[in-house]
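All remarks here apply to the structure that follows.
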Amino acid sequence: MSLTERIAAIEEALERATAGTAEDVERFRVAMLGRNGAVTELFEAFRTVSAEEKRALGLRMNLLKQSAQGRVDALRDAVQASGSETSGPLIDLSAPARIDPFGGHHPIPIVMDRIVGIFSRIGFNVSHGPEVEDDHHNFGALNFPPDHPARDMQDTFFVDGGDRALRTHTSSVQVRVMENSKPPIRTISPGRVYRNEAISARAHCMFHQVEGLYVDKEVSFADLKGTLDHFTKSLFGPEVTIRMRPSYFPFTEPSAEVDMSCSICGGQGCNICKHSGWVEIMGCGMVDPAVLAICGIDPELYSGFAFGMGVERIAQLLYRVPDLRLYWENDVRFLDQFTGAAVQR
Ligand code: PHE
Numbered sequence: 001m002s003l004t005e006r007i008a009a010i011e012e013a014l015e016r017a018t019a020g021t022a023e024d025v026e027r028f029r030v031a032m033l034g035r036n037g038a039v040t041e042l043f044e045a046f047r048t049v050s051a052e053e054k055r056a057l058g059l060r061m062n063l064l065k066q067s068a069q070g071r072v073d074a075l076r077d078a079v080q081a082s083g084s085e086t087s088g089p090l091i092d093l094s095a096p097a098r099i100d101p102f103g104g105h106h107p108i109p110i111v112m113d114r115i116v117g118i119f120s121r122i123g124f125n126v127s128h129g130p131e132v133e134d135d136h137h138n139f140g141a142l143n144f145p146p147d148h149p150a151r152d153m154q155d156t157f158f159v160d161g162g163d164r165a166l167r168t169h170t171s172s173v174q175v176r177v178m179e180n181s182k183p184p185i186r187t188i189s190p191g192r193v194y195r196n197e198a199i200s201a202r203a204h205c206m207f208h209q210v211e212g213l214y215v216d217k218e219v220s221f222a223d224l225k226g227t228l229d230h231f232t233k234s235l236f237g238p239e240v241t242i243r244m245r246p247s248y249f250p251f252t253e254p255s256a257e258v259d260m261s262c263s264i265c266g267g268q269g270c271n272i273c274k275h276s277g278w279v280e281i282m283g284c285g286m287v288d289p290a291v292l293a294i295c296g297i298d299p300e301l302y303s304g305f306a307f308g309m310g311v312e313r314i315a316q317l318l319y320r321v322p323d324l325r326l327y328w329e330n331d332v333r334f335l336d337q338f339t340g341a342a343v344q345r
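According to my numbering, the sequence shown is numbered sequentially starting from 1.
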C-alpha cells in the first residue's frame, strides 16, 4: 500500500470511528496514536520516503495526526456527555435542568393566611396565645360560671389534674389582649383548638379557628354585620350574602350564628347546604359588658363585637372537601391539589 493509500485509509477510519464507552475511546486512541498505532507507524514509514514525497505529503500527514487527536477528544467528550463514562466525575453542562418538585402549603394554612390577610387590610392586628390555657382565660373571664351548663358545650381536654386545659377556642387569646391593652382594639386570633369529640367526617378533636375582636366607643351590631359581609365577599366572591340567626354564647349578648348563601350551588340548594341554600360559617355577637368589665375595660364607655370561625369548615366550602379527616391524613393525592394555590396576603 502506498503512503497516499495508507493516509486515505486512516482518514476513512477516523471518520467511521464510534465509541460507546471510555474503554472504546482508549482502544481507538491506542489503535491510532499508540506506539504501534496506524498513525505512528505511518510517520515511521514517512521517514524513509524521498524528499520530494515528504514535501508533497508533509502537510497532509500533520493534518492527519491532528485530526486523529481531535477525533479521540471528540469521542471522549461524547461518551462523557452520554453518561457512559465509568470513572471520574460526570458533569454534563448541556443536559436540561432537573426540576426538583416543590412542596406546597397545606390547605389549612393557605386558608388561614387568606382570612388573616382580609382582616389585616381593614386594620386588625394578629394575636397569639398559649394552647394550654388556664380556666380563667378559656372560661372564667368569658362569663362561663363555674357550674354553668354552658361549659358542657365544649367538651374539654383537661391537663394538670384539671387546673388547665387545651384551649377550646381562641377567645382565650382575646381575653389576654383585652387584659393587656386599651381600646381601640382590633385583633384576630388564629390558632389550633381542641375539643373532646369523636373523630368523624364532620368533627375532629383538633381544629383551627380564627376569632376576631373589635372594641371601641360606639361599636354597633351594624359594624359587626358590615365587617362580616365584607369578609365573606372578599373570601368567597361578591355574589355571596350573609344572614344572621339568634344564638347563644356566654360571652356575647346578643349572639348570632352567621349563614352564608351557599357558594357551591349559588343558593339553589345542593347536598353541601342540605338543600337549604345556606351554610353556617361562624358564631358572633356583641361582647357581653360583663366580659369587658372582667377584662378591665369600662363597659359604660366601650362596646365591642366578636366572631369566631372554624378554618376547616371555611376551607371545606372553598375547596369542596367532603371529609374533615382528609386534612389530617396527609395523603399526597389530596395535598398535591393545593400546591398551586398561592398564599395571598
Ligand atoms: N368562641 C366561639 C366558639 O368557639 C365562637 C365565637 C367567638 C362566638 C366570638 C361568638 C363570638 O364556638
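The beta-carbon is built from N, C-alpha and C at its ideal position, and this holds for glycine as well.
Problem - Extent of the continuous alpha helix (DSSP H) to which Met260 belongs - result: Careful: Met260 lies outside any alpha helix (DSSP H), inside the beta strand (DSSP E) at 252-261.
Problem - Cβ-based neighbour list, Arg71, same chain, cut-off 7 Å, excluding 5 preceding and 5 following - result: Leu14, Ala17
Practice task
Return yes when at least one heavy atom of the ligand PHE lies under 7 Å from the C-beta of Gly140, else no.
Solution key: no
Handout entry: As assigned by DSSP and simplified to three states, the class of Asp216
Key = strand
Exercise for the section: Give a yes or no on contact between the region 319-327 and the region 221-239, applying the rule of three or more CB pairs nearer than 8 Å. Expected result: no
Exercise for the section: Assign Asn196 to one of two classes, buried (16 or more other C-beta atoms within 10 Å of its C-beta) or exposed (fewer than that). Expected result: By the Cβ neighbour-count rule, Asn196 is exposed, with fewer than 16 other Cβ atoms within 10 Å of its own.
Handout entry: C-beta contact flag for Leu142 and Val175 at 8 Å
Key = yes
Problem - C-alpha gap between Ser172 and His137, whole angstroms - result: 5 Å
Problem - Sheet register partners of Ser189 (DSSP bridge) - result: Glu211
Problem - Start-end ranges of the beta strand (DSSP E) lying completely within the region 276-344, minimum 3 residues - result: 278-287, 303-310
Practice task
Kindly indicate the opening and closing residues of the alpha helix (DSSP H) around Pro109.
Solution key: 107-120
Exercise for the section: Express the C-alpha separation of Gly161 and Leu326 in angstroms, rounding to a whole number. Expected result: 33 Å
Handout entry: Local conformation of Leu224 per DSSP, three classes
Key = helix
Exercise for the section: Compute the Euclidean distance between the alpha carbons of Gln337 and Val111, then round it to the nearest angstrom. Expected result: 14 Å
Practice task
Take the Cβ of Pro190 as the centre, count every other Cβ of all protein chains shown within 10 Å, and call the residue buried at 16 or more, exposed below.
Solution key: buried
Handout entry: Cβ-Cβ separation, Arg98 to Asp134 (assumed contact under 8 Å), whole Å
Key = Actually they are not in contact, since the Cβ atoms of Asp134 and Arg98 sit about 53 Å apart, beyond 8 Å.
Problem - Three-way DSSP call (helix, strand, coil) for Asn138 in this model - result: helix
Practice task
Compute every distance between the C-beta of Glu211 and the non-hydrogen atoms of the ligand PHE, then say whether any falls below 7 Å.
Solution key: yes
Problem - Assigned secondary structure, Arg243 (DSSP; H/G/I helix, E/B strand, else coil) - result: strand
Exercise for the section: Express the C-alpha separation of Arg76 and Ala346 in angstroms, rounding to a whole number. Expected result: Given a span of 1 to 345 for the chain in the structure shown, any question on residue 346 remains unanswerable.
Exercise for the section: Go through its chain and collect everything with a Cβ distance to Phe307's Cβ below 6 Å, but skip five positions before and after it. Expected result: Gly212, Met282, Cys284
Practice task
Examine the ligand PHE and report whether any of its heavy atoms sits within less than 7 Å of the Cβ of Cys295.
Solution key: At a cut-off of 7 Å, the beta-carbon of Cys295 does not count as near the ligand PHE: no heavy atom of the ligand is closer than that.
Handout entry: Limits of the unbroken alpha helix (DSSP H) element including Leu3
Key = 3-16
Problem - Residues bridged to Ala165 (per DSSP) - result: Glu133, Phe158
Practice task
Could you tell me if Leu59 is buried or exposed, where buried requires 16 or more neighbouring beta carbons within 10 angstroms of its beta carbon?
Solution key: exposed
Problem - Range covered by the alpha helix (DSSP H) that runs through Gln174 - result: 171-180
Problem - Start-to-end residues for the alpha helix (DSSP H) that takes in Lys65 - result: It spans 51-81 - the alpha helix (DSSP H) in which Lys65 sits, taken as one unbroken run.
Exercise for the section: Look up Phe28 in the DSSP assignment and say whether it is helix, strand or coil. Expected result: helix
Exercise for the section: Could you pull out every residue in the same chain whose Cβ sits closer than 8 Å to the Cβ of Cys265, ignoring the five residues on either side in sequence? Expected result: Ile272, Cys273, Gly277
Exercise for the section: Tell me, to the nearest whole angstrom, how far the beta carbon of Ala45 is from that of Gly37; I am working on the premise that it is less than 8 Å. Expected result: Rounded, the Cβ-Cβ distance is 13 Å, inconsistent with contact.
Handout entry: Limits of the unbroken alpha helix (DSSP H) element including Thr21
Key = Premise fails: Thr21 is in no alpha helix (DSSP H) and is neither H nor E.
Exercise for the section: Flag His169 as yes when its Cβ comes closer than 7 Å to any non-hydrogen atom of the ligand PHE, and as no otherwise. Expected result: yes
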